[in-house]
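Participant: Starting off with a structure, shown below.
Protein chains: 2
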Amino acid sequence: MDVRTLCLGVLSEGDYTGYDIKKFFESSFSSFFPAGYGSIYPALAQLLEKQLVSCASQTQSKLPDKKVYQITASGLDQFRQSLREGKGTHRLRSEFLVQMFFSDHLDEHGLAALIDSRLSDINDEIATMDGMIGHQQGANTTGGAAFTRGFNRAMLEAGRNYINSHRVLVERQSDNKVTRFDSNVNRFAG
Amino acid sequence: MDVRTLCLGVLSEGDYTGYDIKKFFESSFSSFFPAGYGSIYPALAQLLEKQLVSCASQTQSKLPDKKVYQITASGLDQFRQSLREGKGTHRLRSEFLVQMFFSDHLDEHGLAALIDSRLSDINDEIATMDGMIGHQQGANTTGGAAFTRGFNRAMLEAGRNYINSHRVLVERQSDNKVTRFDSNVNRFAG
DNA sequence: GACTGCATGTAACGCGTTACATGATTGT
DNA sequence: ACAATCATGTAACGCGTTACATGCAGTC
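As structure tokens, then:
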């Protein structure tokens with residue numbers, strides 16, 4: 001599944017410009033499928049070429065022409081097929097966990113800073129979600145939107161709980177290997 | 191953070207061949223930083239060129255020469271610096287959640303199949319983790335390894351719990367939009 | 001006879017990230 | 001004055017995935 005397919009999905013809910021689609025991504029997919037203009041605009045161009053979407057330009061005074069995209073019948077078919085046939089992959093990529101895995105290469109303060117920074121990111125994300133409640137009047141109230149929002153929240157909270165209760169696992173050992181290796185550095189000199 | 195850096199990390203724990211490194215990735219990083227031969231071998235070649243690792247070839251009868259890599263002093267420095275300076279990103283990419291978000295484009299049975307398939311994947315992953323306990327004699331018993339293993343497990347279980355208790359959110363509404371759109375398909379014909 | 005494990009790599013391709021480029025309007 | 005919002009896009013670059021290519025040894 002790629003950005004093209006997601007754009008098709010957004011356009012299955014209504015007609016939007018590239019700019020609007022980016023906002024849709026941010027408010028709905030950012031936690032599990034982020035994308036920027038550099039992905040979205042080329043994706044839209046490709047979809048237009050394949051006639052999976054159509055485009056109506058609205059001239060605006062002093063601003064670039066607004067291009068409103070609309071999904072076509074074959075675009076909708078294609079989208080549903082992609083949805084059904086998707087393998088349902090679900091994968092994390094975490095630099096934070098790499099840092100924790102190799103935490104014995106970090107000193108005590110550096111390690112604590114990384115952990116606290118991750119906790120702070122989690123809290124920011126949760127606060128952002130809370131801040132959005134009520135802001136969206138009627139939009140994004142489908143079961144799917146509620147399910148994915150709740151899923152994201154559950155993951156954030158589970159991560160926070162895990163880190164708070166298990167950080168001692170890495171903090172107890174930190175700095176061990178740094179010291180050991182440093183006193184052993186002549187291994188590399190010979 | 192890229193595969194190069196992770197290879198350096200693996201080599202900070204001992205001397206290994208590309209083949210061994212792949213196995214290390216599978217047993218330790220697969221849940222948050224997967225990589226295949228197509229990433230690992232080129233990464234090792236680049237590290238060798240930059241002299242962050244050295245390589246000793248062992249000729250073998252009837253098998254390709256075994257290339258054992260060893261991290262250099264500057265490689266170790268570089269690795270620790272990358273670890274410290276990493277931004278600690280932590281991101282999910284989930285086709286499954288896309289499918290749930292747009293679940294009203296799926297029929298009841300297709301949706302249930304996708305959810306059950308995800309649950310089965312989760313159970314398989316948990317079973318695999320359980321199966322590995324005891325298999326690794328003394329290896330991977332650092333605090334970092336324990337922390338990341340536990341984190342992965344906590345995420346899998348939180349995901350499973352969430353899906354089991356909230357799948358009704360998507361199942362109640364499924365098929366609604368498909369029906370609505372199909373009766374409305376003339377929107378596209380004109 | 002087929003599959004798994006050992007052991008190395010290459011090549012093509014697609015994908016996404018980042019930075020760049022432009023420019024008016026509205027709010028602080 | 002400065003930042004944010006609206007609105008479009010391009011270009012370079014790096015990165016990883018996948019499939020391909022080779023070949024022996026041991027197990028089922």
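Residue numbers (my numbering), protein chains in the order written: chain A, 1 to 190; chain B, 191 to 380. Quick reminder that beta carbons are idealized off the backbone N, C-alpha and C, glycines included. In this text the structure is predicted, and so the values were computed from the model without any measurement.
#1: Does tyrosine 434 (chain B) pass the burial test, meaning 16 or more other C-beta atoms within 10 Å, or should it be called exposed?
#2: Quick check on threonine 89 (chain A): buried or exposed, where buried means 16 or more other Cβ atoms within 10 Å of its Cβ?
#3: Leucine 8 (chain A): buried (16+ other C-beta within 10 angstroms of its C-beta) or exposed?
#4: For methionine 1 (chain A), which residues in chain B fall below 8 angstroms Cβ to Cβ?
#5: Taking only the alpha-carbon atoms, compute the straight-line gap between valine 375 (chain B) and serine 30 (chain A) and give it to the nearest angstrom.
#6: State the start and end residues of the unbroken alpha helix (DSSP H) segment that holds serine 310 (chain B).
#7: Shortest alpha-carbon distance to serine 307 (chain B) belongs to which of B:Leu242, B:Val193, B:Leu287?
#8: Does the CB of valine 200 (chain B) have a neighbour CB from chain A at under 7 angstroms?
#9: Between the beta-carbon of serine 244 (chain B) and the beta-carbon of threonine 262 (chain B), is there less than 7 angstroms?
#10: By how many angstroms is the C-alpha of aspartate 130 (chain A) removed from the C-alpha of glutamine 271 (chain B)?
#11: Can you list, in chain order, the residues of its chain with a C-beta nearer than 8 angstroms to that of glycine 138 (chain A)? Leave out the 5 residues immediately preceding and following it.
#12: Between which two residues does the beta strand (DSSP E) harbouring glutamine 58 (chain A) extend?
#13: Histidine 166 (chain A) lies in the alpha helix (DSSP H); which residues open and close that run?
#14: Based on the DSSP output, what are the partners of serine 74 (chain A) in its beta bridges?
#15: Just checking: is the beta-carbon of threonine 148 (chain A) within a distance shorter than 7 angstroms of some beta-carbon in chain B?
#16: The beta strand (DSSP E) with serine 94 (chain A) in it runs from where to where?
#17: Assuming leucine 296 (chain B) and isoleucine 353 (chain B) are in contact, meaning their beta carbons sit under 8 angstroms apart, how far apart are those beta carbons, in whole angstroms?
#18: What is the DSSP secondary structure of aspartate 255 (chain B), reduced to helix, strand or coil?
#19: Using a threshold of 7 angstroms, state whether the C-beta atoms of arginine 197 (chain A) and isoleucine 115 (chain A) are closer than that.
#20: Relative to the C-alpha of glycine 265 (chain B), which residue among B:Thr331, B:Arg350, B:Glu203 is closest?
#21: Going by the DSSP bridge assignment, what does tyrosine 16 (chain A) pair with across the sheet?
Facilitator: Judging by the given coordinates:
#1: The structure shown does not extend to residue 434 (chain B), since chain B is modelled only from 191 to 380, so the question has no answer here.
#2: By the neighbour-count criterion, in which 16 or more other beta carbons inside 10 Å mark a residue as buried, threonine 89 (chain A) falls on the exposed side.
#3: When all chains shown are included, leucine 8 (chain A) counts as buried.
#4: Near methionine 1 (chain A) (Cβ distances below 8 angstroms), the residues of chain B are Glu285, Val288.
#5: Note on valine 375 (chain B): pLDDT 45, under 50, position unreliable in the model; the coordinate value appears next. Rounded to the nearest angstrom, the two C-alpha atoms are 31 angstroms apart.
#6: If you look at serine 310 (chain B), you'll find it in the alpha helix (DSSP H) that goes 298-322.
#7: Out of B:Leu242, B:Val193, B:Leu287, B:Leu287 has the C-alpha closest to the C-alpha of serine 307 (chain B).
#8: Valine 200 (chain B) does not count as touching chain A.
#9: Yes; because the gap between Cβ atoms is below 7 angstroms, this pair is in contact.
#10: If you take the alpha carbons of glutamine 271 (chain B) and aspartate 130 (chain A), they lie about 36 angstroms apart.
#11: Only weak support is given to the placement of glycine 138 (chain A): the predicted model assigns it a pLDDT of 49, under 50, and the question is left unresolved by the model.
#12: Segment 53-60, the beta strand (DSSP E) holding glutamine 58 (chain A).
#13: 143-171 is the extent of the alpha helix (DSSP H) around histidine 166 (chain A).
#14: Beta-bridge analysis with DSSP links serine 74 (chain A) to no other residue.
#15: With respect to chain B, the C-beta atom of threonine 148 (chain A) has a partner C-beta closer than 7 angstroms.
#16: That run of the beta strand (DSSP E) goes 90-94.
#17: At roughly 15 angstroms, the Cβ-Cβ gap does not stay under 8 angstroms, so leucine 296 (chain B) and isoleucine 353 (chain B) are not in contact.
#18: Strand at aspartate 255 (chain B).
#19: Examination of residue 197 (chain A) is not possible in this model, given that chain A is present from 1 through 190 alone.
#20: Between glycine 265 (chain B) and the set B:Thr331, B:Arg350, B:Glu203, the nearest pair of CA atoms involves B:Glu203.
#21: Bridge partners of tyrosine 16 (chain A): A:Tyr69.
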